[in-house]
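Trainee:
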Amino acid sequence: MNPETKPCPVAAAVAQAVIERSQKGITKYGVNLARQDLTWTQWLQHLQEELLDAACYIERLKVLEKTIKETQAMMPPELKKKIRKRKDLK
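Using the numbering used here, read the sequence shown as starting at 1 and increasing by one per residue.
1) Since I believe Gln72 is in contact with Lys80 (beta carbons under 8 Å), could you give me their beta-carbon distance rounded to a whole number of angstroms?
2) Which of the three DSSP states is assigned to Thr5 in this structure?
3) Going straight from the alpha carbon of Arg84 to that of Glu78, what length do you get?
4) Would Leu33 and Ser22 be called neighbours here (beta carbons separated by less than 9 Å)?
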């Protein structure tokens, strides 16, 4: 069977993560997202806060990536070679 026509393992992993996240929220807050006690504005506030968190995570990863690249640039060539070999073993 063509792997491109099989069910997508990435989508399956995301679906499972959504189910687990929902259960975690129910356990923590005692409600699910079908709740009726929030206004449109309150939902937007929750969304904005989540997106701001996501923006912070993105920025942190960008800084981390830059730091890694700068560190690698300063490494002696023989150390870079050893690191590449170790990565190939994985």
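Cβ atoms here follow ideal geometry from the backbone N, Cα and C, with glycine treated the same way.
Mentor: Here's the rundown:
1) Reading the sequence shown from its first residue, position 80 is the one you call residue 80. Reading the sequence shown from its first residue, position 72 is the one you call residue 72. Between Gln72 and Lys80 the Cβ distance is about 7 Å, and since that is below 8 Å, they are a contact.
2) Against the sequence shown, residue 5 aligns to sequence position 5. Reduced to three states, the DSSP call for Thr5 is coil.
3) To locate residue 84, count along the sequence shown from 1; it is residue 84. To locate residue 78, count along the sequence shown from 1; it is residue 78. Between Arg84 and Glu78, the C-alpha separation is close to 10 Å.
4) As a first step, residue 33 must be located in the sequence shown, where it is residue number 33. As a first step, residue 22 must be located in the sequence shown, where it is residue number 22. Yes.
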